[in-house]
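**Student:**
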Amino acid sequence: MGATNDKNDVPKIREDVDLTKLGLNVEEGFLASRVDGRTTIGELALVVGKPEPEILRVLDRLEKVGVVYYGDDAPTAAPSAKSGADGTIDFGDYIFPVALMQEDNDLSVAERKRIAFFHAHLEKWTHYELLQASRTDDTKAIKRVYFARSKEWHPDRFRRGNLGSFKKMIDDIFKQVQVAYGILSNAEKREAYDEEHVFMVGDDDLAEMLKKQKRRERDAKREEERKARRKAKNPIVKRIAQAQKMYESAQAKRDAGELLDALRAAQTAAAFDSRPEYDALVEELKAAAGEFRVAPYIKRGLARENMTNFREAVEAFEDAVRIAPENGQARVRLAYNLLMCGRDPQDANPHAQKGVQLLPDDPEAHFVLGLCYERGGMAKAAARELSRAVELKPNYKEAKKRLRELKWGF
Amino acid sequence: MSNEPIIGIDLGTTNSCVAIVEDGVPKVIPNRAGYRTTPSIVAIAESGRRLIGHIAKRQSITNPEGTVYASKRLIGRKWNSPAVAAALETCSYKLIEGPHHDVRIALRDTIYSLPEISSMILSEMKLIAEQYLERDVEKCVVTVPAYFNDGQRQATKDAGRIAGLDVVRIINEPTAASLAYGYGKTVERKVAVFDLGGGTFDISILEIGSGVFEVMATAGDTYLGGEDFDNRIIEWLVFGFLKEHKIDLRKDRMALQRIRDAAEKAKVELSGAPQTEINLPFIISTGKNDALHLQRTLTREKFEDLVIDLCERCLQICDKTLKDAAIDKTQLDDVILVGGQTRTPKLQEMVREFFGLTPSKSVNADEVVALGASIQGASLLDEKSSVLLLDVTPHNLGIMIVGGYFQTIIEKNTTVPTSAGHVFTTVRDNQTSVRIMVFQGDSLRAEENELLGEFILSGLREAPRGEVEVDVTFEISADGIVSVSAKDLETGQQQSITVTATSGLTEEEIKRMAKDAADYAVDVKHADAFEKARAEVDAIIRDVETILPQVRSFMGGSDFGKEALLKAEAALNKAKTATQGRSMEALNTARDPLERTLRMLRGVAQKMG
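So the protein sequences, as listed, match chains H and V.
In terms of this note's numbering, the first sequence opens at residue 1 and continues consecutively.
In terms of this note's numbering, the second sequence opens at residue 1 and continues consecutively.
Here it is as structure tokens:
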């Protein structure tokens, strides 16, 4: 927000903040005392007698500390670790995870709340907030609050049988307490930390700070690049990326109807990186490509059938059935041609039945099954199937003819 | 929460002590003989009986091969360590190598491991506490020198298990001393604990504030202690004798044991007197019905001359510790002296000079450690306790890296619990596994440190060296248990171990020993009951014996009286025989008639007027 402020913006001061207790430096304090909610930044610069950019920078810091705000709504205070006079903690509007509150362990509700609350805020609080120290505390005072927090969070304070998932949380909190103390008790580390997190520096240091910030950003960028390079070099990562690419191209090819190419691409992707979605795509395409691949065989079979070359037709349809066992037409044609080359109707019958099952409304299917029954000497069943074929296709001459012949035979 | 007590045991090199917090007051529990400390001496008598403490000490001259003293110097040590080499030279008992490069002690026909020997002392302390509290005690806090490594700590824990004690926490002796010193005080203080015990020297710097005890630095020397002071006197006596008579007294175990006792006595006396006589008549026989006597006068000056370098070594360690922890001597508010050896006036003077402070007199050097242990025990029982100990790791912890170097991951003097990690890379092309060897110590060369454990992380990607990254994380719990995990940052593959330093005993061995010791505890308890009954019967016998002569002439006048006298004498004799024996049953059957006799005799005496 700070960066977008210009000289016409009006900074406001939060009413509920005691400026004397924040450990502001003279410059910050002085400027904060001039902010009254009516004066613009430009006017403030005139009042204080400093250039606008400098005023903006100090206001920026004040905004981050939560002293100054812009707009209509004063920001509500972040829940703090500080406990009230009666020892209870103000949890703010923190919502406790139900699973934690209901876990089966030996902790009381108040303890669960305290632990969960602290643990959830470990990353958010500054070291000062965690230790409940003031920014102006000297080493001795820091040690005192560290001892107080240790007494609250040392694992020796939780020597009960079952702590459930709170055990790790307690450990984490105590470790963070130690980290915080390690930094705040060491003058050098504390200075560096303050610079980064607490914004309590004079303007002379600001230039230095910005320089450092830039250096940090540059270092971070370099680190990022280094990581990227390392990642790019890594063959495993490469394979994973390649698999992803193949997978995407397989999807594209499937949508374009190039099923065989799509299948090949998906298979490569799954081989490079065995992920469930890749495997699923392979399965899907296998089924689809089966249908797709069977077409030429059926075509060839039908051509042979037309030329009454039933033996070769049988071969073609047998291949078709092998590729796509669920293809009704292939089944029906195979059954028909088997009968035509004079093979045992027992061989043809299962295919014909499967054909009817797959294509229940196809007259051809019923006709072929009828033929099978007829050749097998089961006239009644044959008549039923043939009638059904005629029913489905009233001008089915061949079927009518066979039906008639059957009746004469009676 | 259970209200089962946790006792504090100071398992010392020369003396042990047990304490308990009762109603918020830590107190030392005296042993059956009324002494507040018990010698850490174990002996197996000729009869095969196990003797512990004062009784073991008393018979040590006549039974040097069967008496183990200062076993703490050997506990958790490897067979090829310098401490063992030194002990082989001076010990009167027999040391042999155990199956896991550990040390075992051969007493009579049995071979004992060191945890077993220590367990005997611990069970004695347990028994003392149980008799005082009149209930079973199963939990304890045991103290060890701050500079004990993991192996030595583990061996001490094992000793506890064998003795049937759950060692809930091992704490450092100087830390325990500071707990006793600062207990109940609300002041904020920085103190140095200067602990020169029987076998070890420890220095710790602590900060105390509102019940929290933070160890800031700790260091020491496990090869420096009161025994070294004794040895200087022994050497002086032995070499003087050798010069005079051309006889090496060290060759005679019994003579050596007598000299050892005399040296310790002389040292103690010199703390109060300017000089002392060492008088050991008939120290050695020269064969022809002739014997030589050892008679020397040791002045305090001479003694100080003998041990000045030992005192200086202590102060050098202090100096280094303070420098390492970047603590200025002038920041210290108090110096606490712990361990019997700190009674030496010269040492007190040097400490005073070094720290510029008069050492605190508010604690008893012999008892303070056990008291501190009991305070820690009590604070572990009570989550709301006013005492919290923030202990540190005494050694650097890390792993071996290429070239045999030691890479520290957790630095010494880090507050526990803690965790820390470091990213390592492969060192060879196409290296698919890394061996993580966990060491503890302060040397830059890994092999000079103590190996705690090792494991292998395999399945790494084949890649040029330096490319595969492995994250090694160390974690130390509040109980001091170290766990190490290694993670391949690329694949996320992970391996970990919980480091349990070996004390040289396998799990089965410990279990078997614990069972054996439990059997023994029943025997010991039984023996106690017997002793008690015998003492009571003895008292009745004494009463009867005093009263009997007074009434003898009076009763002798009548037949009835004569018969009664005979009966009384028979009962007396029977009781006397029973007290000589070991049978509880005989004692009980002898008791009734004896009591009747006493009542009868008293009645007669009353009639006599």
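We treat Cβ as the ideally placed atom computed from N, Cα and C, and that holds for glycine.
With a threshold of 8 angstroms on Cβ separation, who are the neighbours of R428(V) within its own chain once the five nearest residues in sequence on each side are excluded?
**Tutor:** These residues qualify, in order along the chain: R465.
**Student:** For N142(V), which three-state DSSP category applies?
**Tutor:** The sequence shown places Val at residue 142(V), not Asn. Correct three-state label for V142(V): strand.
**Student:** Keeping to the same chain, check which residues put their C-beta closer than 6 angstroms to that of F272(H); ignore five residues upstream and five downstream.
**Tutor:** So the qualifying residues of the chain are R239, Q242 and A243.
**Student:** Nearest-angstrom Cα distance between A578(V) and L565(V)?
**Tutor:** When rounded, the distance between both Cα atoms is 20 angstroms.
**Student:** Taking DSSP as the reference, what is the three-state secondary structure of K124(H)?
**Tutor:** Of the three classes helix, strand and coil, the one that applies to K124(H) here is coil, per DSSP.
**Student:** Going by beta carbon distance, what residues of the same chain come within less than 8 angstroms of Y396(H), once the five residues before and after it are set aside?
**Tutor:** Same-chain partners within the cutoff: P363, F367, A389 and V390.
**Student:** For V21(V), return the contacting residues in chain H, with the cut-off set at a CB-CB distance below 8 angstroms.
**Tutor:** Neighbours of V21(V) on chain H: none; closest Cβ ~15 angstroms, over 8 angstroms.
**Student:** Find out if the Cβ-Cβ distance for the pair L386(H), R402(H) is shorter than 8 angstroms.
**Tutor:** Going by C-beta atoms, L386(H) is nearer than 8 angstroms to R402(H).
**Student:** Find out if the Cβ-Cβ distance for the pair G278(V), L292(V) is shorter than 8 angstroms.
**Tutor:** For clarity, residue 278(V) is Ile in the given sequence; the question names Gly instead. No, Cβ-Cβ distance for I278(V) and L292(V) is not below 8 angstroms.
**Student:** Which one or two residues does DSSP pair with C17(V) in a beta bridge?
**Tutor:** According to DSSP, C17(V) bridges with D10(V).
**Student:** Could you give the DSSP three-state label for L163(H): helix, strand or coil?
**Tutor:** DSSP places L163(H) in coil when its eight states are reduced to three.
**Student:** Give the straight-line distance between the Cα atoms of M200(H) and Y193(H), rounded to the nearest whole angstrom.
**Tutor:** Note on M200(H): pLDDT 47, under 50, position unreliable in the model; no value is reported.
**Student:** From the beta carbon of P5(V), is the nearest beta carbon of chain H less than 8 angstroms away?
**Tutor:** No - not a single Cβ of chain H is within 8 angstroms of the one on P5(V).
**Student:** When burial is assigned at 16 or more other CB atoms within 10 Å of the CB, is A539(V) buried or exposed?
**Tutor:** Under this definition A539(V) is an exposed residue.
**Student:** Among residues of its own chain, excluding the 5 on either side of D203(H), which ones have a beta-carbon nearer than 6 angstroms to its beta-carbon?
**Tutor:** Bear in mind that the predicted position of D203(H) carries a pLDDT of just 47, short of 50, making it unreliable; the figure below should be weighed with that in mind. No residues qualify anywhere along the chain.
**Student:** Which two residues bound the contiguous beta strand (DSSP E) that contains K190(V)?
**Tutor:** Counting along the chain, the beta strand (DSSP E) containing K190(V) begins and ends at R189 to L196.
**Student:** How do the segment 248 to 266 of chain H and the segment 277 to 287 of chain H stand: do at least 3 beta-carbon pairs fall below 8 angstroms, yes or no?
**Tutor:** The answer is yes - the segment 277 to 287 of chain H touches the segment 248 to 266 of chain H, with three or more Cβ pairs under 8 angstroms.
**Student:** Quick one: what does DSSP say S386(V) is sitting in, helix, strand or coil?
**Tutor:** Three-state result, S386(V): coil.
**Student:** Where do the N-terminal and C-terminal ends of the beta strand (DSSP E) with N149(V) fall, by residue?
**Tutor:** Unbroken run through N149(V): none, as it is neither H nor E.
**Student:** So, at 7 angstroms on beta carbons, what are the nonlocal neighbours of E124(V) in its own chain, with the 5 sequence-adjacent residues on each side left out?
**Tutor:** T38, I52 and G53.
**Student:** Verify the CB distance criterion: does I13(H) have a CB-CB separation below 8 angstroms to chain V?
**Tutor:** So no, I13(H) is outside the interface.
**Student:** Can you determine whether any heavy atom of the ligand GDP sits closer than 7 angstroms to the C-beta of S40(V), and answer yes or no?
**Tutor:** Summarising the ligand content, the structure contains no ligands, and the ligand GDP is consequently not present.
**Student:** Which residues, taken in chain order from the segment 140 to 171 of chain H, show a beta carbon closer than 9 angstroms to some beta carbon of chain V?
**Tutor:** Listed in sequence order: K140, K143, R144, Y146, F147, A148, S150, K151, H154, P155, D156, R157, F158, R159, R160 and D171.
**Student:** Of all the residues that make up the segment 211 to 244 of chain H, which are near chain A by a beta-carbon distance shorter than 9 angstroms?
**Tutor:** You won't find chain A in this structure, because its protein chains are H and V.
**Student:** According to DSSP, is S274(H) part of a helix, a strand, or is it coil?
**Tutor:** If DSSP states are grouped into helix, strand and coil, S274(H) belongs with coil.
**Student:** What do you get for H101(V), buried or exposed, if any count of 16 or more other CB atoms within 10 angstroms of its CB means buried?
**Tutor:** The residue is exposed, with fewer than 16 neighbouring Cβ atoms inside 10 Å.
**Student:** Does the distance from the CB of V470(V) to the CB of D488(V) come in under 8 angstroms?
**Tutor:** Yes. Within cutoff.
**Student:** Suppose contacts are defined by Cβ-Cβ distances below 8 angstroms. Is V392(V) in contact with I375(V) by that definition?
**Tutor:** Against a cut-off of 8 angstroms, the Cβ pair of I375(V) and V392(V) comes out as no contact.
**Student:** How far does the beta strand (DSSP E) with F95(V) in it reach, from first residue to last?
**Tutor:** Per the sequence shown, the amino acid found at residue 95(V) is Leu instead of Phe. Per DSSP, L95(V) belongs to the beta strand (DSSP E) from K94 to E97.
**Student:** Going by alpha carbons, who is nearest to N449(V) out of R435(V), D382(V), N396(V) and R73(V)?
**Tutor:** Here the closest residue by C-alpha is N396(V).
**Student:** Might you give, ordered along the chain, the residues of its own chain that have their beta carbon closer than 8 angstroms to the beta carbon of V321(H), omitting 5 neighbours on each side?
**Tutor:** N327, A330, R331, L334 and H351.
**Student:** Would you kindly check if the distance between the Cβ of L206(V) and the Cβ of V187(V) is under 8 angstroms?
**Tutor:** Contact flag unset, no.
**Student:** In whole angstroms, what is the alpha-carbon distance linking D36(H) and L62(H)?
**Tutor:** Going by the C-alpha atoms only, they are around 14 angstroms apart.
**Student:** Between which two residues does the alpha helix (DSSP H) containing H293(V) stretch?
**Tutor:** Run containing H293(V): none in the alpha helix (DSSP H); it sits in the beta strand (DSSP E), A291 to T299.
**Student:** Please look up how many angstroms separate the CB atoms of S483(V) and E475(V), rounded, as I've assumed it's under 8 angstroms.
**Tutor:** Indeed, because the Cβ distance is near 5 angstroms, the residues count as touching under 8 angstroms.
**Student:** Do L339(H) and R375(H) have their C-beta atoms closer together than 8 angstroms?
**Tutor:** The answer is yes: Cβ separation under 8 angstroms.
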